[in-house]
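To start, the structure under review is shown below, and the notes come after it.
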Amino acid sequence: MLYQSKMLIDAAAAAGVKFMVHLGVYSSGRDHIPHFSWHDMVETYIKASGMAWTNLHPNVILDSMLMTEPSTIEKGSFDVMWGEAALGWVSAADVGTLAAAVLRKGPEKHAGADYGLNPEILTGPQAAEIITQATGTKIECNVYNSEALRAYVATISDAGTSLYLNTAVQTMRLGESGQMRYQATKRDDFELVIGWPATTLYDRYVRIWFQRYETVVFGLLV
Numbered sequence: 001m002l003y004q005s006k007m008l009i010d011a012a013a014a015a016g017v018k019f020m021v022h023l024g025v026y027s028s029g030r031d032h033i034p035h036f037s038w039h040d041m042v043e044t045y046i047k048a049s050g051m052a053w054t055n056l057h058p059n060v061i062l063d064s065m066l067m068t069e070p071s072t073i074e075k076g077s078f079d080v081m082w083g084e085a086a087l088g089w090v091s092a093a094d095v096g097t098l099a100a101a102v103l104r105k106g107p108e109k110h111a112g113a114d115y116g117l118n119p120e121i122l123t124g125p126q127a128a129e130i131i132t133q134a135t136g137t138k139i140e141c142n143v144y145n146s147e148a149l150r151a152y153v154a155t156i157s158d159a160g161t162s163l164y165l166n167t168a169v170q171t172m173r174l175g176e177s178g179q180m181r182y183q184a185t186k187r188d189d190f191e192l193v194i195g196w197p198a199t200t201l202y203d204r205y206v207r208i209w210f211q212r213y214e215t216v217v218f219g220l221l222v
């Protein structure tokens, strides 16, 4: 990641790019997590490149956790690997909306900004209850810990994938032990930039439910 990022930044600067938007992680800048440190170093290098910059810092992207195949609603459950710790959740659509707004207004408006996307602080079981309320379908959260993820990672033969996922094991270990307090601190810079609050988990699942309902009704009418 560091090598590829450096090559990209160098090429962008050499090509005359004036503004770079970086998608990082919701880091305190002092977290003992390898891939968090990689992002911190990439951002430091961008700042030294001479280009104007803006960093976006989302926490847990709910789509990557809950938008699975088969779906969470179809399965009736989803998994978390950080015990019952509370962390921040954000919608991927909101990340994209914020990135587009930053690029549209450009460095004149957003240069030098670090935007945090951590609008809703929830445990896994709390998230399950919200999805249940939004959809009317009983959803359970299967609460695992970092040891379960570590055991899974141990079965992966590809060295690169194993290396990266072991940084996730460290993330889950710190989360479940209460050492990621910054990640449990609410921050909604989406609303600051866009002008309305970030999408809640409830809103996201109500939207999914209605989309499915509309599809069924349309199918019956055709």
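Each residue of the sequence shown is one higher than the one before, counting from 1 in full-length UniProt numbering.
Beta carbons: idealized from backbone N, C-alpha and C, even for Gly.
As the structure is a prediction and not an experimental result, all values here were calculated from the model.
Contact the stretch 81-94 vs the stretch 146-158: 3+ CB pairs below 8 Å: yes
Is it the case that the Cβ atoms of T54 and P107 are separated by a distance below 9 Å? yes
With H, G and I counted as helix, E and B as strand and the rest as coil, what does DSSP make of A111? coil
Take T72 as the anchor and find which of H39, N142, L87 has the nearest alpha-carbon. N142
H32 burial status per 10 Å Cβ neighbour count (16 or more: buried): exposed
Contact between the stretch 162-178 and the stretch 94-109 (3+ Cβ pairs under 8 Å): no
When S77, A128, D189, T44 are compared against Y202, the one with the closest alpha-carbon: A128
Which ranges does the alpha helix (DSSP H) cover as unbroken runs of at least 4 residues, wholly within the stretch 9-94, from first to last along the chain? 34-48, 62-66, 72-75
Can you have a look at Y205 and say buried or exposed, based on whether 16 or more other CB atoms are within 10 angstroms of its CB? buried
Between G50 and H57, what straight-line distance do the alpha-carbon atoms span, to the nearest angstrom? 21 Å
Count the other CB atoms, across all protein chains shown, that sit within 10 Å of the CB of Q179; report buried if there are 16 or more and exposed otherwise. exposed
Cα-Cα separation, V42 to L8: 11 Å
Could you pull the DSSP bridge partners for residue 303 from this structure? Residue coverage of the chain in this structure runs from 1 to 222, which leaves residue 303 outside it and unanswerable.
Residues near S1 in its chain [Cβ-Cβ closer than 7 Å; skip 5 each side]: First, the amino acid is wrong: residue 1 is Met here, not Ser. So the qualifying residues of the chain are W38.
Ordered along the chain, which non-local residues of its own chain (more than five positions away) have a Cβ less than 8 Å from that of T132? K138, I139
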